[in-house]
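Structure record follows, encoded as structure tokens.
In this note's numbering, the protein residues as written are 2 to 199.
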């Protein structure tokens, strides 16, 4: 079987309020103000597909938020999104590989984050056979083509795959292709799913 895991809030806990909190402190803008202005718009999607550079993305987000940050300050906040790994999920990924299954990570991410988290959480990269990062392949979830790309690249059909993600539209898109898909709502979802499928 092919097991496809999202990264954020599936393998590693993330929280965007931590990002805004750092920017609030550095930019001296109230957190509530930044929260009201922040949205994942076209620039966000373009960045995740690798269509715009990190500095260009930073400039566009600072403009959206109306906050004056240096690129270094922007980056410091951007990396604050990561909290810690979910050890039970990591243990399951390692066990699946030991049992002869294929385990990959499929993440909507960006170059700036990819320069950061593998060094912070090396055990994540070590628990996967391959990483499929949106900015490297020029597509992002929930585009149907990204799931098909992973299936084709791995040599599996949709009915031979299971997908874990915390975003309902991503789950719906994968299900539409015939991939068994599990909506991850908290750290217990993945261990509970495997416990019920033994």
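Even glycine gets a Cβ: it sits at the ideal position worked out from N, Cα and C.
Small disclaimer: the values here were computed from a predicted structure and weren't measured.
Taking C-beta atoms as the reference points, residue 109 and residue 51 fail to come closer than 9 Å. A direct Cα-to-Cα measurement between residue 172 and residue 164 gives close to 8 Å. The Cβ atoms of residue 113 and residue 70 lie no closer than 9 Å to each other. When Cβ pairs closer than 8 Å are counted between the two stretches, the region 37-51 is seen not to touch the region 76-95, the count staying below three.
Per DSSP, the continuous alpha helix (DSSP H) segment holding residue 23 begins and ends at 17-28. Assigned with DSSP and collapsed to three states, residue 185 falls in coil, not helix or strand. Within the region 111-188, the runs of alpha helix (DSSP H) at least 4 residues long that lie entirely inside it are, in chain order, 112-115, 118-121, 123-127, 135-138, 145-155 and 169-177.
The C-beta distance from residue 6 to residue 15 rounds to 14 Å, too long to fall under 8 Å, and the pair is not in contact.
It is roughly 10 Å from the alpha-carbon of residue 179 to the alpha-carbon of residue 148. Inclusion of residue 191 and residue 87 in the CB contact set at 9 Å is warranted, their separation being smaller than that value. Of 10, 49, 184 and 162, the smallest CA-CA separation from residue 105 is found for 162.
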